[in-house]
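The sequence shown begins at 1 in the UniProt record's numbering and counts up by one. Data first, discussion second: the structure below is written as structure tokens.
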Amino acid sequence: MTRLGDLERAVMDVLWDGVPGTSDGVTVREVAEALDGRELAYTTVMTVLDRLAGKGMVQREREGRAWRYRAAASREAHIAQLMLDALDLGGSRDAALVRFARSVTGTEAEVLRAALGAEAGLTGPAPAGPDAGSTGAGLTDRVGDPRAGRPRAVDEATDR
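What follows is the structure, given as structure tokens:
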């Protein structure tokens, strides 16, 4: 998954956070208006959205002469994929995971423990928050499978 530049990230934040009253996607003009703190030309926003569509980050649908854009995946799914991609950079995946686990706060560690317990089918408290699912539901049921669409060989390598 491609990392996003600053402007791409700002545009994706608009799509992820939503523009009030636009549940069926947003137009270039609506995105430009939501980025009101920036002095961007309409064509600049249109180009960024077109590039994001080319990268598979956004989906677009024709509406008259305009396009409506929406995020192809949730912010959480995007971040999870970035984390998996970072693990694929080389070196020891186990060592990187251990170092990451040691760097998280107590609250974050509890969320990870609960999510891993739920993924393993164990009972216990489910993670708190808006994306929390029922106890026993798989982690991928709550945030989507970040490996979806990856080649089988990569799936097998990540399942070690």
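The beta-carbon is built from N, C-alpha and C at its ideal position, and this holds for glycine as well. Computed from a prediction, not measured in an experiment: that's the story for all the values here.
Reduced DSSP category for residue i - H, G, I as helix; E, B as strand; rest coil
i, result
"L65", "Sequence inspection shows Arg at residue 65; the Leu mentioned does not correspond to that position. Note: R65 maps to coil in three-state DSSP."
"A118", "helix"
"L112", "helix"
Whole-number beta carbon distance between residue j and residue i, since they are thought to touch under 8 angstroms
i, j, result
"Q59", "A77", "The Cβ separation is near 14 angstroms, so there is no contact."
"L15", "R70", "6 angstroms"
"L52", "E8", "6 angstroms"
"A96", "L87", "6 angstroms"
"R68", "T27", "6 angstroms"
Proximity test, residue i beta-carbon vs the ligand NAD heavy atom, cut-off 7 angstroms
i, result
"E63", "The ligand NAD is absent from the structure shown, which contains no ligands of any kind."
**Item:** Segment contact, 8 angstroms Cβ cut-off, at least three pairs: the segment 98 to 106 with the segment 36 to 47
**Value:** Contact fails: fewer than three Cβ-Cβ distances are below 8 angstroms.
**Request:** With a floor of 4 residues, list each alpha helix (DSSP H) that falls wholly inside the segment 53 to 109, ordered by position along the chain.
**Result:** 75 to 87, 93 to 103
**Request:** Identify every run of the beta strand (DSSP E) within the segment 1 to 50, keeping only runs that are complete inside it and at least 3 residues long; order them along the chain.
**Result:** none
**Item:** Contact the segment 29 to 44 vs the segment 82 to 94: 3+ CB pairs below 8 angstroms
**Value:** no
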